[in-house]
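Trainee:
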Amino acid sequence: MSMFSQIFKDISPCPYRVILVLRVRSIDGIPSIPDGYNPATWMLEITNPVAEQRIGRDFADIYTNSAEYREVEGAITRLSVPPPGSQPLKFSSVYSQDQLSQFLICLKKQNLVYWRSPRYNLVRLVFTTVCALLLGSVYWDVGNKRQVTDTTKGLFMVMGALYSACLFLGINNASSVQPIVSIERTVFYREKAAGLYAPTSYAAAQGLVELPYIVAQTILFGVITYFMINFERTASKFFLYLIIMFLTFTYFTFYGLMAVGLTPSQHMAAVVSSAFYSFWNLLSGFLVPKPRIPGWWIWFYYICPVAWTLKGIISSQLGDVETMIVEPTFKGTVKEYVSTVFGIDSDVTGLAVAVLIGFCILFFGVFTLSVKFLNFQKR
């Protein structure tokens, strides 16, 4: 170790460094600092081993035998013993800011990240518009119940439109959010280790920052599909359609967050979540109606979020339709057909909305717990 490093290892207060410069200047054989010269550079030049050999002195010994050294050592000894009656330092939290301030700072940060990520947010809004136009053109005008719901074939077309509207963008939301959250989680690990903010503040900001974009998706997708498919144009049904679409997009997005939070990598999250998409699709009550689901699988129907989306959207749009269906296989109203064949009662809309809210809270809660208690960082 050089003389300079040894001295500055023992002396840290700035005033003592100034004294040290004056002390070094008083040693025989050490040239004075030129006018306008950088003191730090001068100290490095005149305290290296070559300078010691030139003057035949050891700067470490000079400093050890100096009054400055004894003063510093005395101060260290004196300050290392707490004064009588003093209390140890205590902090109410390991963080410098309270929980609300942490959340607001994280939310501002996440807003900037999302605003500067047009490849994610702008693209998904464009994709939402294109998908809505595509779905609306495929199911053009099939929602007009006065024309098509007097037969089971026409009714299945209407229900197919509702089913497609539920799943078309939901799965895309869950899949597209995973790369973004995976990258942000890596940053979170570093900032969490530095004690910048609590995991709950980060999780709350990550979930909340998604909501404005989901609202924009809901309005774009809901307005376009509702009027192109030509569902019944009443304010209550249109509002319920938007509410259920919003909750569906939200729980799919939060499910994508949860999948990333519970798995060590984005690729594993994609594999795990894809497996559940298949089960949700199969046991949602549309491909296999509820009355035909085997008894040993009926439990999954009740915990399937897509099934509750279908319950809510079908009951809200078709639960009060009294149009008669007269066919060899069934005779009765649309309302009775939906209840008999699909097991969806007309009064289940409110319950379905409540359950969908519950799924949003559940998926987001699991994501919050995962970032708080799980750490997949290798180092």
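Following UniProt numbering, the numbering of the sequence shown begins with 1 at its first residue and continues without gaps.
Heads up, the beta-carbon is just placed ideally off N, CA and C, and yes, glycines get one too.
Values in this document were obtained by computation on a predicted structure and should not be read as measured data.
Taking C-alpha atoms, which residue in Gly207, Thr250, Glu327, Ser284 lies nearest to Gly261?
Mentor: Checking every option, the nearest Cα to that of Gly261 belongs to Gly207.
Trainee: Tell me the DSSP bridge mates of Val326?
Mentor: In the DSSP output, where bridge partners are listed per residue, Val326 has Lys331.
Trainee: Have a look at Thr152, Ser164, Leu242 and flag the residue whose alpha-carbon is nearest the alpha-carbon of Thr340.
Mentor: For the residues Thr152, Ser164, Leu242, the minimum Cα distance to Thr340 belongs to Thr152.
Trainee: Taking the alpha helix (DSSP H) that Tyr213 belongs to, which residues open and close that run?
Mentor: Start and end: 211-229.
Trainee: Report the three-state DSSP secondary structure of Asn48 (helix, strand or coil).
Mentor: Three-state DSSP puts Asn48 in coil, outside helix and strand.
Trainee: Hey, how far is the Cα of Val271 from the Cα of Gln377?
Mentor: If I take the Cα positions, the gap works out to 20 Å.
Trainee: Candidates Ile171, Ala174, Asp141, Phe168: which alpha carbon is nearest Val158's?
Mentor: Val158 has its Cα closest to that of Asp141, out of Ile171, Ala174, Asp141, Phe168.
Trainee: Between which residues of its own chain and Asn111 is the CB-CB distance below 7 Å, once the five residues before and five after are set aside?
Mentor: Only Val209 meet the Cβ criterion.
Trainee: For Phe330 and Val366, what's the separation of their Cα atoms in angstroms?
Mentor: Straight-line Cα distance between these residues: approximately 44 Å.
Trainee: With a threshold of 7 Å (Cβ to nearest heavy atom), would Tyr63 be considered close to the ligand PLP?
Mentor: The ligand PLP is not part of this structure, which contains no ligands at all.
Trainee: Just to confirm, are Lys335 and Glu322 a CB contact at a threshold of 8 Å?
Mentor: Yes, the pair counts as a contact, with Cβ atoms nearer than the cut-off.
Trainee: Write down every uninterrupted run of the beta strand (DSSP E) in the region 250-317 whose length is 3 residues or greater and which is fully enclosed by it, in chain order.
Mentor: None, since the region 250-317 contains no complete beta strand (DSSP E) of that length.
Trainee: Check this for me: beta carbons of Thr129 and Leu247, under 8 Å apart or not?
Mentor: No, these two residues do not count as a Cβ contact at 8 Å.
Trainee: Identify the continuous alpha helix (DSSP H) that holds Tyr63 and give its terminal residues.
Mentor: Here the alpha helix (DSSP H) through Tyr63 covers 59-64.
Trainee: Go ahead and label Lys90 buried or exposed: buried means 16 or more other beta carbons lie within 10 angstroms of its beta carbon, across all protein chains shown.
Mentor: That one is exposed.
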